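This note's numbering applies: residue 6 is where the sequence shown begins, and numbers increase by one.
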Amino acid sequence: MPANVHPKPVFRFAPSPNGLLHLGHGLSAILNHDMAVETGGRCLLRIEDIDLTRCTPEYEQAIFEDLAWLGLTWEEPIRKQSQHFDAYAAALARLDAMGLIYPAFLTRGEVKAIVAAHEKTGNIWPRDPDGSPLYPDRDAQRSAEERQALMSQGIRHAWRLDMKKAMQLVKTPLNWQETGDGARGTIPADPAAWGDIILSRSDAPSSYHLSVVVDDALQGITHVVRGLDLYHATSVHRLLQTLLDLPQPLYHHHRLLLDQDGKKLSKSSGSTGLKHLREQGLSAADIRRLAGL
6 MPANVHPKPV FRFAPSPNGL LHLGHGLSAI LNHDMAVETG GRCLLRIEDI DLTRCTPEYE
66 QAIFEDLAWL GLTWEEPIRK QSQHFDAYAA ALARLDAMGL IYPAFLTRGE VKAIVAAHEK
126 TGNIWPRDPD GSPLYPDRDA QRSAEERQAL MSQGIRHAWR LDMKKAMQLV KTPLNWQETG
186 DGARGTIPAD PAAWGDIILS RSDAPSSYHL SVVVDDALQG ITHVVRGLDL YHATSVHRLL
246 QTLLDLPQPL YHHHRLLLDQ DGKKLSKSSG STGLKHLREQ GLSAADIRRL AGL
């Protein structure tokens, strides 16, 4: 490609088929579509269905119907995460070869008990940007022999990133370029604030964090347009991109649509579901108006 010719921007809308899309999803889908059109770029649809217990073909079909009703189009074939577990396994194996992951055996109940016992003494347990307690370092401190013995017993475990070791490999400050509705410009990344994140679970071969950076790289995504609820998670994604030598997209985190109580819309809020609004006789133009577009 000649030096003065730039590839087309590539956007993606990536819903999970674990419920019906709501008005907030509509905003995100429309923004990705419109920004692709405005820049002469491409818009892809990705089905993020790594959670095989919650994602269903019925919800997947509902996604297609909702987006078609909104007048949005996408390229074929559509990438479905459930068809690419090998790609996530390869990324996990690469991090394992770097000595950056470990098996985590603590159950949610055990973690809750450890945190409660610590805070009962008057000390505050560190929490991530979403407010969840950081994972205790008990499993990270286990010896290789102890880990192998526990796995040989068939004890269920997840695989977590050893954040301290990972950060030691990062030689330059991490940041990302932001054009969205929050702070703009060069944003410093702080992945350590998330602690030892999950990369793979016993009931799912990959986590959101790992699969999203792998998919964005494999699909050549240049612009990630998503809600402000994922703004801080970008720190984790920038770390994984750096560790795996993946390209860095431009990020645009858009405003969230809130319910009457000021809370982020969820898939359980049927009154704002796109299917419900369509059945009430609203048009695609009405959805744009309700989303503030």
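Note that CB positions come from ideal geometry on N, CA and C, so glycine has one too.
Note that the structure is predicted; figures quoted are calculated from it, not measured.
Query, Result
"Quick check: the Cα distance between A154 and L215, rounded to an integer number of angstroms?", "27 Å"
"Go through its chain and collect everything with a Cβ distance to L255's Cβ below 6 Å, but skip five positions before and after it.", "Q182, H228"
"Nearest CA to the CA of H258: which residue from M40, L25, P22?", "M40"
"Who are the near neighbours of D195 in its chain, counting only those whose CB is closer than 7 Å to its CB and skipping five residues on each side?", "S240"
"Is the distance from the Cβ of Y107 to the Cβ of D144 below 8 Å?", "yes"
"According to DSSP, which residues form a beta bridge with T191?", "Q182"
"If you drop the 5 nearest sequence neighbours on each side, which residues of the same chain put their C-beta closer than 7 Å to that of K85?", "I52, D54"
"From what residue to what residue does the alpha helix (DSSP H) around S33 run?", "28–43"
"Considering only C-alpha positions, which residue in the set L262, Q285, R99, S205 is nearest to T247?", "R99"
"Could you work out which residue in N23, L50, G46 is closest to A34 when comparing CA atoms only?", "L50"
"Quick check on the burial criterion: 16 or more other C-beta atoms within 10 angstroms. Buried or exposed for M172?", "exposed"
"Counting pairs of Cβ atoms below 8 Å between the region 74–92 and the region 114–124, do you hit three or more?", "no"
"Alpha carbons only, please: which of T112, L244, D186 is nearest the one belonging to K169?", "L244"
"Which residue from A163, A238, R260 puts its Cα closest to that of Y140?", "A163"
"Taking C-beta to C-beta, are D291 and L261 nearer than 8 Å?", "no"
"From L282 to L295, what does the alpha carbon distance come to, in whole angstroms?", "11 Å"
"Cβ atoms of H27 and G278: under 8 Å apart, would you say?", "yes"
"What residue from S207, S157, L77 has the CA that sits closest to L32's CA?", "L77"
"According to DSSP, is K85 part of a helix, a strand, or is it coil?", "strand"
"Suppose only complete runs of 3+ residues qualify. What are the beta strand (DSSP E) ranges in the region 90–168, listed by chain order?", "106–109, 163–166"
"Rounded to whole angstroms, what's the CA-CA distance from T112 to A95? Just pull it up for me.", "26 Å"
"Would A102 be called buried (16 or more neighbouring beta carbons within 10 Å of its own) or exposed?", "exposed"
"What is the residue span of the beta strand (DSSP E) that H257 lies within?", "255–259"
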